[in-house]
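Taking it in order: structure first as structure tokens, then the write-up.
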Amino acid sequence: MMTCPICKKAVAPGDPDYPFCSERCRIIDLGNWATDKYVIPGAQTPNPQDEDDA
Numbered sequence: 003m004m005t006c007p008i009c010k011k012a013v014a015p016g017d018p019d020y021p022f023c024s025e026r027c028r029i030i031d032l033g034n035w036a037t038d039k040y041v042i043p044g045a046q047t048p049n050p051q052d053e054d055d056a
């Protein structure tokens with residue numbers, strides 16, 4: 003058993019919405035990615051406008 007990353011309810015590995023407990027929590031998680039609440043760190047790319055100012 004693990005817990006839903008959104009609401010912390012118990013979720014079994016065989017559940018249809020795994021790793022979420024429901025479609026609602028799945029949609030909330032998708033919205034968090036879409037609004038940049040979650041960010042994967044990585045190398046920064048140079049901003050072309052910054053290079054023009056130099």
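Heads up, our numbering is the position in the sequence shown plus 2, with the first residue counted as 1.
Glycine included, every Cβ here is placed at the ideal spot set by N, Cα and C.
Does the distance from the C-beta atom of residue i to that of residue j stay below 9 angstroms?
{"i": "residue 23", "j": "residue 12", "result": "yes"}
{"i": "residue 3", "j": "residue 21", "result": "no"}
{"i": "residue 8", "j": "residue 31", "result": "yes"}
{"i": "residue 19", "j": "residue 25", "result": "yes"}
{"i": "residue 34", "j": "residue 40", "result": "yes"}
Around the Cβ of residue i, are there at least 16 other Cβ atoms within 10 angstroms (buried) or fewer (exposed)?
{"i": "residue 6", "result": "buried"}
Mapping DSSP to helix, strand and coil, what is residue i?
{"i": "residue 12", "result": "strand"}
Let me see if you follow: with CB-CB separation under 9 angstroms, is residue i close to chain D or not?
{"i": "residue 26", "result": "Although the question refers to chain D, the structure presented lacks it and comprises just one protein chain."}
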